[in-house]
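The sequence shown begins at 6 in this note's numbering and counts up by one. Here the structure comes first, spelled out in structure tokens, and everything after it is commentary.
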Amino acid sequence: MKIRAAVLRKRGGPLKIEPLEMEGPQEAEVLVRITASGICHTDIGFVDYRDEADDPLILGHEGAGVVEQAGKKVKSLKRGDHVVLSYQSCGSCRYCRKGRPFDCSRFFEANFGMERLDGSSAYSPSEVKGHFFGQSSFATHALATEQNAVKVPKGLPLEMLAPLGCGMQTGAGTVMNSLAVSEGKSIAVFGTGAVGLASIMASRIVGAGPVIGVDIRRSRIDLARELGATHAIDARRGRIASRISSITGSGIDFFVDTTGDPEIQGIAVQCLNPNGTGALLAGESGTDDLPEGRRTIGIIQGDAVPQVFIPYLIRLYKSGIFPYDRLIKFYELKGINRAMADSRRGAAIKPVLVM
Ligand code: ZN
6 MKIRAAVLRK
16 RGGPLKIEPL
26 EMEGPQEAEV
36 LVRITASGIC
46 HTDIGFVDYR
56 DEADDPLILG
66 HEGAGVVEQA
76 GKKVKSLKRG
86 DHVVLSYQSC
96 GSCRYCRKGR
106 PFDCSRFFEA
116 NFGMERLDGS
126 SAYSPSEVKG
136 HFFGQSSFAT
146 HALATEQNAV
156 KVPKGLPLEM
166 LAPLGCGMQT
176 GAGTVMNSLA
186 VSEGKSIAVF
196 GTGAVGLASI
206 MASRIVGAGP
216 VIGVDIRRSR
226 IDLARELGAT
236 HAIDARRGRI
246 ASRISSITGS
256 GIDFFVDTTG
266 DPEIQGIAVQ
276 CLNPNGTGAL
286 LAGESGTDDL
296 PEGRRTIGII
306 QGDAVPQVFI
316 PYLIRLYKSG
326 IFPYDRLIKF
336 YELKGINRAM
346 ADSRRGAAIK
356 PVLVM
């Protein structure tokens, strides 16, 4: 079938909207007409750090849309279902069978292999690669599987739901699942972009306190306060550790780092209380050899099972306590380069492309 997709051919972009051919679904796949897709920092990272030897690539991993066709082995989805697309997993390794798809032994190839797990590709011309996170949602259509397509209620606009598949799930899941932050515990969130703000909203929901947002952008610090941070620190003014200790009277029980900045992480670790835990979300692995039981853990997708956690986030949103719609700014697909530029300079927290 004919599709249109934003194709990355050059480091730094621009991405170009190109007509392509895509195969129909295999037996275990669904064809999804993409309604909207969030843009995440991981997409922008691939644009900015692309190697010139890499094949042209279709990015996008926060897709939402409508199932147009389901392969004959697909049981849980049918034509017409509304779905939010999330990270991919193999569905058959021992972790997937135990209900821990975020630990899938084929996680890397399923999400970053840029082909199906059987090694095939649905796209032609064949030099164009896709299947990013098992979806490549910067396109009018995508192929997904029952592992990463989550059926959602039809009453809500799909363009609103797109960011749940990665950023919101990771930010909220880190607090609720990975760290299991409970009532009255103190937490600091370093970097209050989309993922960090999701962590802050989740911290408020679980009754944590103080909840401290740390960022270098005034507008984000203010938004962090509105969304649940009891305190906010402007990191440009320095003295982060001493300001945290003056807020809590000691250190913090938990932190979430979304910055990936080693200097910030060093400060964050220094602020941890004994037996405190820090979550690293920028792809690092953690360490448990810190003094007095302190540790850091590397987190993938907030240890969330998409089929469980995304409907849960939708219920929280509908009840008004997870107002992530405040972060969204909409763009047309052809505005993708502007959307990425706005995200880079902080003018958009969660850009969402509407196809
Ligand atoms: Zn697996």
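Don't be surprised by glycine CBs; every beta carbon is placed ideally from N, CA and C.
- Query: Out of curiosity, what's the CA-to-CA distance linking Arg-9 and Ser-129?
  - Reply: To locate residue 9, count along the sequence shown from 1; it is residue 4. To locate residue 129, count along the sequence shown from 1; it is residue 124. So the two alpha carbons sit approximately 12 Å from each other.
- Message: Between Ser-97 and the ligand ZN, is there a pair consisting of the residue's CB and a ligand heavy atom that are separated by less than 8 Å?
- Response: Residue 97 sits at position 92 when you count from the first residue of the sequence shown. For the ligand ZN, at least one heavy atom lies less than 8 Å from the Cβ of Ser-97.
Discussion item. Given a cut-off of 9 Å on the beta-carbon distance, is the pair Gly-68 and Gln-140 in contact?
Written reply: Working through the sequence shown from its first residue, we reach residue 68 at position 63. Working through the sequence shown from its first residue, we reach residue 140 at position 135. The answer is yes: Cβ separation under 9 Å.
- With respect to the alpha helix (DSSP H) encompassing Pro-356, which residues constitute its N-terminal and C-terminal limits? Reading the sequence shown from its first residue, position 351 is the one you call residue 356. Segment 355 to 359 is the beta strand (DSSP E) holding Pro-356; no alpha helix (DSSP H) there.
*Enumerated in chain order, which unbroken segments of the beta strand (DSSP E) with a length of 3 residues or greater are wholly contained in the region 88 to 168?*
146 to 150, 154 to 156
(Q) For a cutoff of 9 Å on Cβ pairs, would you count Phe-327 as touching chain C? (A) No chain C appears in this structure, which consists of one protein chain only.
Quiz item: Between the Cα of His-136 and the Cα atoms of Glu-164, Arg-230, Leu-90, which residue gives the shortest distance?
Solution: What you label residue 136 is simply residue 131 of the sequence shown in a count that begins at 1. Nearest C-alpha to His-136: Leu-90.
**Prompt:** So, helix, strand or coil for Ala-41, using DSSP?
**Reply:** For the purposes of this step, residue 41 is identified with residue 36 of the sequence shown, where counting begins at 1. Strand at Ala-41.
*Round the Cβ separation of Gly-70 and Thr-40 to the nearest angstrom and send it over; I've been treating them as touching at under 8 Å.*
As a working mapping, residue 70 is identified with position 65 in the sequence shown. As a working mapping, residue 40 is identified with position 35 in the sequence shown. Confirmed, about 5 Å.
Looking only at C-alpha atoms, which of Gly-271, Gln-174, Lys-83, Gln-152 sits nearest to Leu-122?
For the purposes of this step, residue 122 is taken as the residue at position 117 of the sequence shown. For Leu-122, the nearest C-alpha among the options comes from Gln-152.
- Query: Taking Cβ to Cβ, would you say Lys-83 is nearer than 9 Å to Ala-33?
  - Reply: Position 78 of the sequence shown, counting from 1, holds the residue named residue 83. Position 28 of the sequence shown, counting from 1, holds the residue named residue 33. Going by C-beta atoms, Lys-83 is not nearer than 9 Å to Ala-33.
Practice problem: Classify Met-6 as helix, strand or coil using the three-state DSSP reduction. | Solution: On the sequence shown, residue 6 is found 1 positions in, with the first residue counted as 1. Three-state DSSP puts Met-6 in coil, outside helix and strand.
Q: From the DSSP output, in three-state form, read off Pro-296 for me.
A: For the purposes of this step, residue 296 is taken as residue 291 along the sequence shown, with counting starting at 1. Three-state DSSP puts Pro-296 in a helix.
By Cβ distance below 7 Å, which residues in the same chain neighbour Gly-178 in space, the five residues on each side in sequence not counted?
On the sequence shown, residue 178 is found 173 positions in, with the first residue counted as 1. Closer than 7 Å at the Cβ level, and outside the excluded window around Gly-178, lie Gln-306, Gly-307, Asp-308, Ala-309, Phe-314.
Is the region 213 to 228 touching the region 184 to 203 in the sense that three or more CB pairs, one from each, lie closer than 8 Å?
-> yes
**Request:** Reducing DSSP to helix, strand and coil, say where Ala-284 ends up.
**Result:** Taking the first residue of the sequence shown as position 1, residue 284 is located at position 279. The answer is strand: DSSP assigns Ala-284 an E or B state.
Taking contact to mean 3 or more Cβ pairs, one atom from each stretch, closer than 8 Å, check whether the region 154 to 163 and the region 312 to 327 are in contact. yes
Inset, instruction - Please state whether DSSP places Lys-21 in a helix, a strand or coil. - result: The residue labelled residue 21 in the question sits at position 16 within the sequence shown. If DSSP states are grouped into helix, strand and coil, Lys-21 belongs with the strands.
In angstroms, rounded to a whole number, what distance separates the CA positions of Ser-255 and Asn-278?
As a working note, residue 255 is residue 250 in the sequence shown. As a working note, residue 278 is residue 273 in the sequence shown. Near 7 Å, if we compare the C-alpha coordinates of Asn-278 and Ser-255.
Tell me the rounded alpha-carbon separation between Ser-94 and Ser-247. Along the sequence shown, read from residue 1 onward, the residue named residue 94 stands at position 89. Along the sequence shown, read from residue 1 onward, the residue named residue 247 stands at position 242. In a straight line, the C-alpha of Ser-94 is about 42 Å away from that of Ser-247.
- [ ] Flag Phe-112 as yes when its Cβ comes closer than 8 Å to any non-hydrogen atom of the ligand ZN, and as no otherwise.
- [x] Looking up residue 112 in the sequence shown gives position 107. Yes, since a heavy atom of the ligand ZN falls inside the 8 Å radius drawn around the Cβ of Phe-112.
* Asked: If we count the other Cβ atoms within 10 Å of its Cβ and call it buried at 16 or more, is Asp-258 buried or exposed?
  -> Translated into the one-based positions of the sequence shown, residue 258 becomes position 253. By the 10 Å Cβ count, Asp-258 comes out buried.
Does the Cβ-Cβ distance between Cys-98 and Ala-199 come in under 9 Å?
By 1-based counting over the sequence shown, the position of residue 98 is 93. By 1-based counting over the sequence shown, the position of residue 199 is 194. Contact: no.
### Task
Run the CB neighbour count on Ala-185, radius 10 Å, all protein chains shown included, and call it buried at 16 or more, exposed below.
Taking the first residue of the sequence shown as position 1, residue 185 is located at position 180. That one is exposed.
Quiz item: From which residue to which residue does the alpha helix (DSSP H) around Glu-231 run?
Solution: Numbered from its first residue, the sequence shown carries residue 231 at position 226. Run containing Glu-231: 223 to 232, per the alpha helix (DSSP H) assignment.
Mapping DSSP to helix, strand and coil, what is Lys-190?
In the sequence shown, residue 190 corresponds to position 185, counting from 1. Here Lys-190 sits in coil by DSSP.
Query raised in the report: Out of curiosity, what's the CA-to-CA distance linking Ala-273 and Ser-110?
Result: As a first step, residue 273 must be located in the sequence shown, where it is residue number 268. As a first step, residue 110 must be located in the sequence shown, where it is residue number 105. Near 30 Å, if we compare the C-alpha coordinates of Ser-110 and Ala-273.
Is the distance from the Cβ of Val-37 to the Cβ of Ala-154 below 9 Å? Position 32 of the sequence shown, counted from the start, is the residue given in the question as residue 37. Position 149 of the sequence shown, counted from the start, is the residue given in the question as residue 154. Yes. Within cutoff.
Q) Does the region 327 to 340 come within contact of the region 8 to 24, defined as at least 3 CB pairs closer than 8 Å? A) yes
(message) As a quick exercise: from Thr-145, Leu-295, Asp-330, pick the residue whose alpha carbon is nearest that of Val-72.
(response) Position 67 of the sequence shown holds residue 72. The shortest Cα separation from Val-72 among Thr-145, Leu-295, Asp-330 belongs to Thr-145.
(request) Would you mind stating whether Val-157 and Met-181 have Cβ atoms separated by less than 9 Å? (result) Here residue 157 is taken as the residue at index 152 of the sequence shown, counted from 1. Here residue 181 is taken as the residue at index 176 of the sequence shown, counted from 1. In this structure, Met-181 does not lie closer than 9 Å to Val-157 by Cβ.
Exercise. For Gln-270, is the classification buried or exposed, using 16 other Cβ atoms within 10 angstroms of its Cβ as the cut-off for buried?
Worked result: As a working mapping, residue 270 is identified with position 265 in the sequence shown. Buried.
- Query: Grouping DSSP H, G and I as helix and E and B as strand, with all else coil, what is Gly-218?
  - Reply: For this step, residue 218 is matched to residue 213 along the sequence shown. Correct three-state label for Gly-218: strand.
Exposed or buried, Asp-330, counting other C-beta atoms within 10 Å across all chains shown (16 or more means buried)?
As a working mapping, residue 330 is identified with position 325 in the sequence shown. Classification of Asp-330: exposed, given that the 10 Å Cβ count is below 16.
* Boundaries (first-last residue) of the beta strand (DSSP E) holding Lys-74 -> The count along the sequence shown starts at 1 and reaches residue 74 at position 69. Reading off the sequence shown, one finds Gln at residue 74, where the question assumed Lys. Residues 68 to 75.
Skipping 5 residues on each side, what residues in its chain have a beta carbon closer than 8 Å to that of Leu-232?
For the purposes of this step, residue 232 is identified with residue 227 of the sequence shown, where counting begins at 1. Leu-202, Ile-205, Met-206, Arg-209, Pro-328, Arg-331.
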